[in-house]
Amino acid sequence: MFRPKWTWLVASLLCAAGSAQASPVVMISLDGLRPGDVTQAEARGIKVPHLRALIAEGAHAEGVIGVLPTLTYPSHTTLVTGVAPLEHGISNNLTFDPQAKNQQGWYWYGSDIRAKTLWQAAHKAGLRTASVHWPVTVGAAGIDENLPQIWRTGMPDDAKLIAALATPGLLPRLEATLGAYEPGIDESVEGDAVRVKFAQTILADRPAFTTIYLAGIDHEEHRSGPGSAAANATIEKTDTLVGAIVASARAAMPDVTIVVVSDHGFLPVSTDINLFAPFIAAGLITIGKDGKVDSWQAEPWIAGGTATIVLAHPEDAALQARVATLVTRLAADPHYHIAQVFDRTETRRRGGPAEAVFTIAMQPGYETGRDPAAPLVQAAVYKGMHGYLPDVPAMRSTLIVVGPSLAHRGNLGLVDMRAIAPSIAHVLGVTLPAARSPLAF
Numbered sequence: 071m072f073r074p075k076w077t078w079l080v081a082s083l084l085c086a087a088g089s090a091q092a093s094p095v096v097m098i099s100l101d102g103l104r105p106g107d108v109t110q111a112e113a114r115g116i117k118v119p120h121l122r123a124l125i126a127e128g129a130h131a132e133g134v135i136g137v138l139p140t141l142t143y144p145s146h147t148t149l150v151t152g153v154a155p156l157e158h159g160i161s162n163n164l165t166f167d168p169q170a171k172n173q174q175g176w177y178w179y180g181s182d183i184r185a186k187t188l189w190q191a192a193h194k195a196g197l198r199t200a201s202v203h204w205p206v207t208v209g210a211a212g213i214d215e216n217l218p219q220i221w222r223t224g225m226p227d228d229a230k231l232i233a234a235l236a237t238p239g240l241l242p243r244l245e246a247t248l249g250a251y252e253p254g255i256d257e258s259v260e261g262d263a264v265r266v267k268f269a270q271t272i273l274a275d276r277p278a279f280t281t282i283y284l285a286g287i288d289h290e291e292h293r294s295g296p297g298s299a300a301a302n303a304t305i306e307k308t309d310t311l312v313g314a315i316v317a318s319a320r321a322a323m324p325d326v327t328i329v330v331v332s333d334h335g336f337l338p339v340s341t342d343i344n345l346f347a348p349f350i351a352a353g354l355i356t357i358g359k360d361g362k363v364d365s366w367q368a369e370p371w372i373a374g375g376t377a378t379i380v381l382a383h384p385e386d387a388a389l390q391a392r393v394a395t396l397v398t399r400l401a402a403d404p405h406y407h408i409a410q411v412f413d414r415t416e417t418r419r420r421g422g423p424a425e426a427v428f429t430i431a432m433q434p435g436y437e438t439g440r441d442p443a444a445p446l447v448q449a450a451v452y453k454g455m456h457g458y459l460p461d462v463p464a465m466r467s468t469l470i471v472v473g474p475s476l477a478h479r480g481n482l483g484l485v486d487m488r489a490i491a492p493s494i495a496h497v498l499g500v501t502l503p504a505a506r507s508p509l510a511f
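Here my numbering runs 70 ahead of the position in the sequence shown, where the first position is 1.
(1) Are the beta-carbon atoms belonging to T438 and A373 less than 8 Å from one another?
(2) Assuming I470 and L121 make a contact with CB atoms under 8 Å, what is their CB distance in whole Å?
(3) Cβ of D342 within 8 Å of Cβ of A450?
(4) How many whole angstroms separate the CB atoms of L498 and L197, which I take to be in contact at a CB cut-off of 8 Å?
(5) Where does the unbroken beta strand (DSSP E) through W178 begin, and where does it stop?
(6) On the criterion of 16 or more Cβ atoms from any shown chain inside 10 Å, does F346 qualify as buried, or is it exposed?
(7) Where are the beta strand (DSSP E) runs, 3 residues long or more, that stay fully inside the segment 222-293, in chain order?
(8) Would you please state the rounded distance, in angstroms, between the beta carbons of L311 and F268? I believe it to be under 8 Å.
(9) Looking only at DSSP bridge pairs, what is A129 linked to?
(10) Under 8 Å by Cβ, that's how I've got L337 and G454 pegged, so tell me the actual separation to the nearest angstrom.
(11) Excluding sequence positions up to five away, which residues of its chain have a Cβ less than 8 Å from the Cβ of T395?
(12) On the DSSP bridge assignment, give the partners of A431 in chain order.
(13) Kindly indicate which three-state DSSP category V108 falls into: helix, strand or coil?
(14) What are the partner residues of M455, as DSSP defines its beta bridges?
(15) Using 8 Å as the threshold, is the segment 219-228 in touch with the segment 114-131, meaning 3 or more CB pairs across them?
(16) Who are the near neighbours of G254 in its chain, counting only those whose CB is closer than 6 Å to its CB and skipping five residues on each side?
(17) Between L141 and G457, is the Cβ-Cβ spacing less than 8 Å?
(18) Near E306, which residues of its chain fall below 6 Å by C-beta distance, leaving aside the five closest residues on each side in sequence?
(19) Going by the beta-carbon positions, is the gap between V427 and V380 smaller than 8 Å?
(20) Run through the DSSP bridge pairs and tell me what D364 is partnered with.
Here is the structure:
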């Protein structure tokens, strides 16, 4: 893991030394928001008055150095645990599914998190908690009012699924006055706007710790590219939603601390590289007559700008050697546009997935393709992508903090994402035993 130099210690930013006054916290995640789209908003022609007002009032990071891989679900789990994917166990967005049997199943379930979360720490301390649409929260322990993120088909049964998995009685109570909740498959800013209304009503219950996730920026940046007119318009609409959340939080809890975060940055992308193809050619993956994986010995677990190589039998030394030879050859071949390759030891040192035997990092502009039957090189499905190594500057994410116990204001420099959760715990007056200390890095 790349270790930045901090201008200030994060905990001392959030709480004045010796302060015993706990503050309720609302953490708002704006998926994919690049820090420069706020700090340099005027130069980029983006109107974000609410986010700019928060920056003027409080503190902000020049950039947040994320985790490996820089994907939504691993990052959001780090934001509530203070530890890297190696420790918390959420290694990707989608679960590893080498034969595509799980029908695009994501890491939806809180039971997959192997580290203590802020919700659990707060709940154990007797504090009330809430969450709206935060990743990896189905059945998550410690959340008193929970509208978890999950979807399947976008059909009406998705609404029944959410109702069944939310905190019992919560959704019917809210829908009685707000109308229908927006299912998780809708990642647009319009879908976010519906969920924000539900979040505002939950905030009136005065929870001590609340997490709220908005997906619209990420959705548009994938579709149109970072910095596009459509992406900038979505950022502006999301800024309005942030203003509504902050107003509701402050009306209910005047002493509230607002923490605005994002999970990763973005890069424009033009080309898909089929990393499955060389594994198929080497006999490590067998494709059936239906065009799907019939059997496998080693397979890429794709993550946008990176891929984790997983072995069916990681204890097999001969298989390891065979895969090592193949990966070394691919890294040396310019047709694959590979920037770096890490072995298991280096991947673990960087806090990456425990499942990885190798990590393949792509060059900017290139992403890992999803179709094993595709050509080696083809036009990218998306116009924007993340998942690249966290030390790539374009992958840096956002942190803005405003609260009554803030000790320092202005630009905080570079911050490690793992420092955010224990710092929030410090504000709440609770602890995260497995997380990085908020007082020294």
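The C-beta atom is built at its ideal place from N, Cα and C for all residues, glycine as well.
Let me spell this out:
(1) Contact: yes.
(2) Indeed, because the Cβ distance is near 7 Å, the residues count as touching under 8 Å.
(3) Yes, these two residues count as a Cβ contact at 8 Å.
(4) Here L498 really is in contact with L197; their C-beta atoms are around 6 Å apart, less than 8 Å.
(5) Note, W178: premise wrong, no beta strand (DSSP E); not H, not E.
(6) The residue is buried, with at least 16 neighbouring Cβ atoms inside 10 Å.
(7) Annotation note: the segment 222-293 contains the following uninterrupted beta strand (DSSP E) runs of length 3 or greater, listed N- to C-terminal: 279-284.
(8) Not a contact, Cβ separation roughly 12 Å.
(9) Partner(s): V471 and G480.
(10) Yes, they are in contact, since the Cβ atoms of L337 and G454 sit about 7 Å apart, within 8 Å.
(11) Residues of the same chain with a CB within less than 8 Å of the CB of T395, apart from the 5 flanking positions on each side, do not exist.
(12) Paired residues: T376 and Q410.
(13) In the structure shown, V108 sits in a helix (DSSP, three-state: H, G or I).
(14) As DSSP reads the structure, M455 sits in a beta bridge with L337.
(15) Of all C-beta pairs linking the segment 219-228 to the segment 114-131, fewer than three are shorter than 8 Å, placing the two stretches out of contact.
(16) Here the set comprises Q219, I220 and W221.
(17) Yes, the Cβ-Cβ distance between L141 and G457 is below 8 Å.
(18) Taking E306 as the centre and dropping the five residues before and after it, the same chain places the C-beta of K117 closer than 6 Å to its C-beta, in chain order.
(19) Yes, the pair counts as a contact, with Cβ atoms nearer than the cut-off.
(20) BP columns for D364 are empty, so no partner.
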